[in-house]
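So the sequences go chain by chain: A and B. Using the working numbering, read the first sequence as starting at 1 and increasing by one per residue. Using the working numbering, read the second sequence as starting at 1001 and increasing by one per residue.
There are 2 protein chains.
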Amino acid sequence: MSDQDTTPTPSPAPPIPTGTPPKVTNRGRAAGPADSANSETSDFPEYEYFVQPGPRGFPPLTEYLDILDVDMMKRRDESNKMDHHTMLYNSDYLIVRRGQEFQVNINFNRPYKPAEDKFALEFVIGSSPHFSKGTYIPVFPTKERQSSWEGRIINTFGNVVTMGITPAANCIVGKYHMYVGVVTPYGIRRTRRESSRDLYILFNPWVAEDAVFLGDESEREECVMTEMGIIYHGSYDDIAERDWNYGQFNFGILDACLYIMDRAEMPITNRGDPIKIVRVASAMLNSRDDDGGVLVGNWSGDYTYGVAPTSWTGSTDILLTYSSSKMPVCYAQCWVYAAVFNTFLRCLGIPSRVVTNYFSAHDNDGNLKTDIILDENGRIDRNRTRDSIWNYHCWNECYMSRPDLPAGFGGWQVVDATPQETSDGMYRCGPASVQAIKHGQICFPFDAAFVFAEINSDVVFYSRSKDGTMAPVKVNRTHVGRLILTKSPGNVTRRDITDQYKFSEGTTEERTVLEKAEEYGCKREKSSPPVADVDVVLPNLEIGVGTNFEMNIEFINNSDQQRTVDAYISGSVVYYTGVTGTEFLFLTPRVTIDPKANVRELVVVESKSYMKRLVEQANLHFIVTGKIRETGQIITAMKVVTLQNPKLIVRVSSGGKVNEEMIVSVEFTNPFSFSLEGVYIRMEGPGMMAPKSRYYSLITGGSSLTWTEYFTPERAGTSRVIATLDCPALRQVYGQASVTIKP
Amino acid sequence: MSDQDTTPTPSPAPPIPTGTPPKVTNRGRAAGPADSANSETSDFPEYEYFVQPGPRGFPPLTEYLDILDVDMMKRRDESNKMDHHTMLYNSDYLIVRRGQEFQVNINFNRPYKPAEDKFALEFVIGSSPHFSKGTYIPVFPTKERQSSWEGRIINTFGNVVTMGITPAANCIVGKYHMYVGVVTPYGIRRTRRESSRDLYILFNPWVAEDAVFLGDESEREECVMTEMGIIYHGSYDDIAERDWNYGQFNFGILDACLYIMDRAEMPITNRGDPIKIVRVASAMLNSRDDDGGVLVGNWSGDYTYGVAPTSWTGSTDILLTYSSSKMPVCYAQCWVYAAVFNTFLRCLGIPSRVVTNYFSAHDNDGNLKTDIILDENGRIDRNRTRDSIWNYHCWNECYMSRPDLPAGFGGWQVVDATPQETSDGMYRCGPASVQAIKHGQICFPFDAAFVFAEINSDVVFYSRSKDGTMAPVKVNRTHVGRLILTKSPGNVTRRDITDQYKFSEGTTEERTVLEKAEEYGCKREKSSPPVADVDVVLPNLEIGVGTNFEMNIEFINNSDQQRTVDAYISGSVVYYTGVTGTEFLFLTPRVTIDPKANVRELVVVESKSYMKRLVEQANLHFIVTGKIRETGQIITAMKVVTLQNPKLIVRVSSGGKVNEEMIVSVEFTNPFSFSLEGVYIRMEGPGMMAPKSRYYSLITGGSSLTWTEYFTPERAGTSRVIATLDCPALRQVYGQASVTIKP
């Protein structure tokens, strides 16, 4: 190496700055900023010249046609909102649906002359409107110059032109601004941006060209227009109902729904596609760590830092809190996720409903097996059994075409916002075609295999030997996905839609479907252990919470020899997720049954044994297992008993009329001998009363209370006032009253 | 309301604590903790009794067969690592592949008696091993008791038993622990946990039962066993090569790859499925905000807070930095993501290769259109054109069966870890079947439609009129996805694999595929604007960076009338992403061409005009557009010129032998008149030299340097030493030298 001055010499490298590196810019990566916030806007100039300025500056465009005023015709009783089924939205803006004409009036400074005047309505959305991206759409009154949106002059009267505009049936859904621009030879003069000319364009289930078109009027009425719903819960044997106010038309809800997409940084250009919107929302409705989602899940029973999931009466509070605080709302369980998702979907105009699946296999990762481990004596091994059958699980169905899939998979699609343990490490699910699930075509996106397993898993009982190996001793192929319910359109009864998801048990079609699913990687239990010749049956029970009760367990010997069963009878309190809390009862009777005979084993349960240990939603879970001495066979039976809670009594004054004050009262009596502490009562009624709540620090045993409120109904029709009572010792106490309001 | 003392009275609700709510526990939601960290372990007891303790405590299990020692036979030259193709891993542990037998020796305290002694090898992985989850696997030496793994006694010699174990071909991949347990009538006595009995089980492309089986030996050798690769870049007309040391066998890399899955909280039970592993990794290799991914993307040119993407020579530094700091590594661009992903895949035993697609349509969200907007005069409107054709883009292919899809879609799968603007708002892509992409079957997961658009988009030139409407004037259907390259197996030449992704242009098959893709929602430009009768052609150029050059632009008049073109000739510096930097040249000649004649327009480019403005990777982008006066037709031509950088000269001393010291020198001369500042030089060579770097604060114009290092090769064979030089003013200066090491 030479030693000249110019020879470069190495030196210690400068330290790389430590700490979190600064946010990297988009420079070099993309030509423009991402357009992913509907709340961001760009301003078009009032004067836009085509020509270079002359010696005396720009020509005065004011010589041409001038726009004095624009009327968006946005009152609830005007034809736009009536024709577009948007009259219920509590909003100051025009709200219309795509693929269908709406009207605006433009007042010029003189009569419009088609031969010489040239003007356009310009619709823009997002921060960087581009024609080729569908975020800038000029609409002309003449046929010659058309874009994907159609325009026509409906009427001229004096200086006023009535323009009809038909947005494309696949246009972006969200909040637009409308400019009116007059085109001159020198440039464009246009209206200044003013919020009165903002408008919302929604999905349109009423037009055949829209991807969310739904032909059935009664379903459309229910799944788009209805605010008050019923969500089914409880257990398969003992179905319970929960009223819910979706509140999709309440003030601020539509903006909150658009905010959810903004918060997800969903590109504006994707927001015309219902498939993409529901997929983003299914991820965004749940919040995990600090990802900014809407609802924090909590199944722990400790809700100190928020509202107990059982305490909510509707979605309004949740969505408005989220959009104003911009923080996740505490807390949710599955029906809260499904209910708020339903509000989101109906608010945007995507037909949707909440469905409940009884005995839902969870966290299953697409495997068709749920394992219950018994020891060599037939007793359940709780350490080795990872519960994953929920007593029930709620998800949503939304209605849309699926152009991304082969023909036949449009229609109802499952979406689910409840955070689950998915293979992707992502908390989202769907849209999965219900038709694809029913036919085992689970190779198609999104997450059809996961939903298929939720309704079709086998429950496999294993016997574990001392050296750690396990052998299947019983396979129950009918337990999971026993019943799928949703509310009937137009009334308050339940509708069994199990047959939309599954062919009947035992049919050829059912077997074919399961084989098809196995082709796509679903694993089933292949073994068929011999069926024991003794059955054990647990009775159906309706038990009020806090009462003592008896239970007759029946052992049926189907063989023609005597049988002796070493039985294990276990009673536990259980979460609706199927997760077991404390065991409060454990018996080990030996039962001897004569050939072809029955024996009943009486079990007495005292309220004091379970009351102190009750967890969420007051379920008791009884498992009977046992080993038949003569044959070594294992027998099993399971039953979830939902304890009946006391009720709230809701009374509404009679003779309701729009804009006339009414009275509602909520009554409650503590039926227990102990006091209830930290009690919240909430009530609300769509179109009548915003959510209200009251707090009682103490309700002593046996005491009663009455809460009276005044309210003024805003619109006519039949609706309901719903109320909940919730405290750590007693969850999900409900009451409701129907109200008919005359115009 | 009564006023008795017991009547509950409402009171203000207690405030909900503000601030971030505490992390919600899993209680009520799941019975056990999620098992999603391979690094977490659980300890089995040394003595596990089946019986209750008697009056004198537990019986002394020490009377039975005792285990003195276990030999995992894990030396590189022992049969396990040789047979399982894992001899190259620099690791102290046994590393084997699934679906194939390996051996261990167990030294008992006396000869093993099959008739009376009973023992098992117990393999465990994760923090809560369960038989039914495949995370606890007992393996017995006898045929009677078998689980999904097979065991047999290969040999007994004195007190030593040689056991053969064949893990299931679909077992979980990761780090296991092996216990040896002796089963007695009273309980199990087993070895204490000790890290020497840890072992890694990997994917096995050599056995037909494994989902990643690859039959071709030369491809297996390349795509699993080869550490040194070539990644193609540059431009379609001027392909450049980049050497890369994947380093999948280097010390610590396998643990780093497992850490990536742990960091993603990927459930252990999913880690036997290559589909799920590659999908998780495609998300996890990029870091967005604070999600803990491996690499931070940066295309901005400012790399103050990390290492310039062009400066890396291999994956080792990146993965070891990530696994030790547990922080994202700065910075990456597409080839860095693809290269590190390739290391991850090869390290776990999934066959993989890096491919390069020239003219890759990006951020396209599955639409088959890239729009370029011209004004009414035919000049490009840069404000309205959102560039989204990358000069090239790199992704990975990995080889596996696809049991989740219909037959025919196994084989090579596209995965891509470069963060893209996807509809999901998620930065992940694939696995997408190459066969499905080729046949337009883009309805199948994952992200096939997205990859299809990257190689099949149309480029549409629009002319924008003054009132904002646009009309297509030219559609180029062949520009995008022009060429797809990967390295040939076994040598250093390139292999054109375009035909694996696309049928030939103009064939019936090609048209059918595009129609099929349209059925699944891909949108194409339908219009076919008339082709102009004047062509414009830009020449191919090989230009050294910093030189002046001339360019002859040819205008060809195909008509039999005179044509006059008002042309716009624009030269810009451009990122490899296609994003345009500064325009350094702009000419507006009027060109008159006789009927059926050519005219050449000479353009002179001086180095001073572009040198100061050069951005990443030294590309110049020339666009010629224009309008034919006589017909109003628009003509266009584009060309990317990759400037040739100076080279590093790498020299290695001759006569290399394993474990004998050698010398390597890197020489560089600054060919410019200006100084280079802040210069890093890096070099490394697989099996010879770990990554090293040197920093020079200043290299004056015209000066030379030589960097000399000593190294000691660890293994025989042919390899390369590669070097890079990188500074803000000059990126991607490379050099390399081949080395043959004798044993």
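Positions of the beta carbon are idealized from the N, C-alpha and C atoms, including for glycine.
- For T636 of chain A, the beta-bridge partners assigned by DSSP are A:T625.
- Within the same chain, I1231, H1233, R1242 and C1394 come within 7 Å of W1335 of chain B by CB-CB distance, once the 5 residues on both sides are set aside.
- E525 of chain A counts as buried, since no fewer than 16 other beta carbons sit within 10 angstroms of its beta carbon.
- Closest by C-alpha distance to V1451 of chain B, out of B:N1396, B:P1489 and B:K1474, is B:N1396.
- Membership of D499 of chain A in the alpha helix (DSSP H) is indicated by the continuous run T498 to Y501.
- Neighbourhood of M470 of chain A in chain B, by CB distance below 7 Å: F1131 and S1132, in chain order.
- Residue pairing for F1123 of chain B: DSSP places it in a beta bridge opposite B:I1137 and B:M1178.
- Residue burial annotation: D1499 of chain B is exposed, with fewer than 16 other C-beta atoms found within 10 angstroms of its C-beta.
- DSSP places P1274 of chain B in the uninterrupted alpha helix (DSSP H) bounded by P1274 to M1284.
- Contacts between K466 of chain A and chain B, judged by CB atoms closer than 7 Å, involve F1050 in chain order.
- Under the 7 Å criterion on CB atoms, I1277 of chain B is classed as non-interfacial with respect to chain A.
- A1597 of chain B is outside the set of residues whose beta carbon lies under 7 Å from a beta carbon in chain A.
- The shortest CA-to-CA distance from T1269 of chain B to any of B:R1731, B:K1133 and B:E1217 is the one to B:K1133.
- At a cut-off of 7 Å between C-beta atoms, P8 of chain A counts as an interface residue with respect to chain B.
- Assignment of D1594 of chain B by DSSP, reduced to helix, strand and coil, places it in the coil class.
- The beta-carbon of D1535 of chain B is placed no less than 7 Å from the nearest beta-carbon of chain A.
- Of the residues B:D1210, B:H1130 and B:C1347, the one whose Cα lies closest to the Cα of G1174 of chain B is B:C1347.
- For the pair L1648 of chain B and L1725 of chain B, the CB atoms are nearer than the 7 Å cut-off.
- At least one C-beta of chain A is nearer than 7 Å to the C-beta of S1697 of chain B.
- Each residue's CA atom was taken as its position, placing F1140 of chain B and S1311 of chain B some 52 Å apart.
- Under the DSSP definition of a beta bridge, K1369 of chain B partners with B:D1458.
- Against chain A, a Cβ distance below 7 Å from P1022 of chain B picks out Y305.
- The way I'd put it, the region 580-588 of chain A does touch the region 612-630 of chain A; three or more beta-carbon pairs between them come closer than 8 Å.
- Within the region 575-608 of chain A, the residues whose Cβ lies closer than 9 Å to some Cβ of chain B are Y575, Y576, T577, G578, V579, T580 and G581, listed in chain order.
- Residue pairing of A1432 of chain B in beta bridges, as defined by DSSP: B:V1414.
- According to DSSP, residue pairing for R1720 of chain B in a beta bridge involves B:S1738.
- For T508 of chain A, the nearest beta carbon of chain B is not closer than 7 Å to its own beta carbon.
- Within chain B, the residues placing a beta-carbon under 9 Å from that of I373 of chain A are H1130, F1131 and S1132, ordered along the chain.
- Residues of chain A whose Cβ lies closer than 8 Å to the Cβ of L1405 of chain B are, in chain order, C443 and Y520.
- Between F1586 of chain B and S1570 of chain B, the CB-CB gap stays under 7 Å.
- For L285 of chain A, the nearest beta carbon of chain B is not closer than 7 Å to its own beta carbon.
- Among the bridge pairs identified by DSSP, I389 of chain A is matched with A:A361.
- Under the DSSP assignment, V565 of chain A falls in the beta strand (DSSP E) whose first and last residues are R563 to V574.
- Rounded to whole angstroms, T1564 of chain B and R1629 of chain B show a C-alpha spacing of 6 Å.
- Per the Cβ contact rule, the region 96-103 of chain A is in contact with the region 192-207 of chain A (3 or more Cβ pairs under 8 Å).
- Cβ-Cβ separation between K502 of chain A and G481 of chain A: approximately 7 Å, consistent with a contact (criterion under 8 Å).
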